[in-house]
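In our numbering, the protein residues as written are 217 to 290. What follows is a single structure, written as structure tokens, with notes after it.
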């Protein structure tokens, strides 16, 4: 009955990343590689967290979920 998952976030805008997010040179290298063309936010993880904690994922285990706006596609 044990389920194990990992969530791999992409470039997320937080208090800790404000310096990088606000650096035009850095953002100019990162955002063109993100198909969603924006920084992620904490709210982008709410849905997947609810799913993983609910009975809807009762037969889902051993997965790595990449939440990165498509960055890993490149």
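The beta-carbon is built from N, C-alpha and C at its ideal position, and this holds for glycine as well.
The DSSP-derived three-state label of residue 245 is helix. Counting other Cβ atoms within 10 Å of its Cβ, residue 284 reaches 16 or more and is therefore classed as buried.
Nearest in C-alpha terms to residue 260, of all of 275, 272, 281 and 217, is 281. With fewer than three CB-CB distances shorter than 8 Å, the stretch 231-245 does not count as touching the stretch 262-269.
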